[in-house]
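Peer 1: One structure coming up, written as structure tokens, with questions to follow.
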Amino acid sequence: GAASGMGRATAHVFADEGARVALVDKDGDGVARVVAEIEDSTGSDRVMGRALDVTDRSALERLVQDVTEQWGGIDCLVNNAGVSLVSSLLQDEGFEDAWQRTLDVNLTAYVALSRLVVPHMRSRGFGRIVNIASTESIVATAGIAAYSASKAGVTGLTRSMAVELGRHGITVNCICPGPIVTGMTAAISEDVKDSYAKRKVPLRRYGEPEEVAHMTLSLCLPAASFTNGATLVVDGGMTIRHT
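The opening residue of the sequence shown carries number 18 in this note's numbering; numbering runs sequentially from there.
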């Protein structure tokens with residue numbers, strides 16, 4: 018999900034800190050733009066981009082092979098790609114397709130890519146995996162049952178992975194962003210965003226992608242070496258507000 022929004026911001030933040038970053042997104046033009054942005058600031062030897070659908074297992078296998086062959090290993094994985102499709106339990110048509118596509122992208126792809134990366138991390142006795150979920154795993158919005166279910170699945174998956182992989186020096190944590198200025202929220206008018214933030218968010222605004230990206234980075238730094246299986250909410254206090 019590196020072509021825009023939180024994924025783009027995360028790629029930039031990691032690159033700015035000296036990491037080599039492999040960008041992945043279905044939007045090939047978007048990936049190329051972000052690669053060019055990072056090349057301008059850090060050089061072409063520290064970034065690569067791949068256009069692929071994360072539900073394509075063979076494409077993920079080629080991705081991991083390319084990264085490990087070029088850079089010798091993988092230290093951190095950020096599972097960020099996601100879709101939100103209308104999936105009302107009351108709709109007559111399209112529910113099953115929306116349900117399956119959402120879970121394929123938002124949950125099953127996380128498992129698939131993690132399983133491909135873990136052997137490389139395990140061989141080195143070190144790894145950081147950060148799964149991006151959503152506050153929709155804690156609270157819910159009507160009409161997107163598949164999205165809410167998939168994001169709740171991500172939090173559960175994170176805990177299971179953390180327990181299983183910790184002994185190999187691999188930490189697995191999860192971030193639940195709340196209302197963030199991204200492509201998913203671009204269709205919401207500014208007036209509606211402003212009204213919602215003032216009514217629901219104690220900080221009275223939407224978050225910026227970089228604010229999530231910096232939390233993602235923090236979970237990969239040495240200072241977070243004993244943080245494992247955590248779910249961190251980045252929502253300006255939205256989910257704790259009662260009135």
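The beta carbon of each residue, even a glycine, is placed where N, CA and C say it ideally should be.
1. How far does the beta strand (DSSP E) with THR233 in it reach, from first residue to last?
2. Does the structure place the segment 246-254 close enough to the segment 169-176 that three or more beta carbon pairs sit under 8 Å?
3. Could you name the residues that DSSP lists as bridge partners for THR30?
4. Beta carbon of GLY160, beta carbon of VAL103: below 8 Å?
5. Once DSSP output is grouped into helix, strand and coil, what is the label at PRO194?
6. When the Cα of ASN97 is compared with those of MET65, ASP114 and ALA39, which residue comes out closest?
7. By DSSP's criteria, ALA53 is part of a beta bridge. Which residues make up the other side?
8. Considering Cα atoms alone, identify which of VAL81, GLU207 and ALA26 is closest to ARG132.
9. In or out: GLU153 buried (at least 16 other Cβ within 10 Å) or exposed?
10. Name the DSSP bridge partner or partners of VAL100?
11. Can you tell me which of GLY24, THR260, PHE31 and ALA19 puts its alpha carbon nearest to the alpha carbon of LEU238?
12. I think ALA26 touches PRO226, with their Cβ atoms under 8 Å apart; what is that distance to the nearest whole Å?
Peer 2: According to the data block:
1. Position 216 of the sequence shown, counting from 1, holds the residue named residue 233. Where THR233 is concerned, there is no enclosing beta strand (DSSP E), although the alpha helix (DSSP H) it sits in stretches over 226-235.
2. yes
3. For the purposes of this step, residue 30 is taken as residue 13 along the sequence shown, with counting starting at 1. Here residue 30 is Val; the residue named in the question, Thr, does not match the sequence. DSSP, once it has assigned bridges, lists no residue as partnering VAL30.
4. The sequence position of residue 160 within the sequence shown is 143, counting from 1. The sequence position of residue 103 within the sequence shown is 86, counting from 1. The answer is yes: Cβ separation under 8 Å.
5. Here residue 194 refers to the residue found at position 177 of the sequence shown. DSSP places PRO194 in strand when its eight states are reduced to three.
6. What you label residue 97 is simply residue 80 of the sequence shown in a count that begins at 1. If we check each option's Cα against that of ASN97, ALA39 comes out closest.
7. Within the sequence shown, the letter at position 36 stands for residue 53. DSSP, once it has assigned bridges, lists no residue as partnering ALA53.
8. On the sequence shown, position 115 is the one that residue 132 refers to. Proximity to ARG132 across VAL81, GLU207 and ALA26 peaks at VAL81, based on C-alpha coordinates.
9. As a first step, residue 153 is located in the sequence shown; it is residue number 136 there, counting from the start. Buried, because 16 or more other Cβ atoms sit within 10 Å of the Cβ of GLU153.
10. Here residue 100 corresponds to residue number 83 of the sequence shown, with the count starting at 1. Paired residues: none, contrary to the question.
11. The residue labelled residue 238 in the question sits at position 221 within the sequence shown. Among GLY24, THR260, PHE31 and ALA19, the Cα nearest to that of LEU238 belongs to PHE31.
12. Start at 1 with the first residue of the sequence shown, and residue 26 comes out as number 9. Start at 1 with the first residue of the sequence shown, and residue 226 comes out as number 209. Yes, they are in contact, since the Cβ atoms of ALA26 and PRO226 sit about 4 Å apart, within 8 Å.
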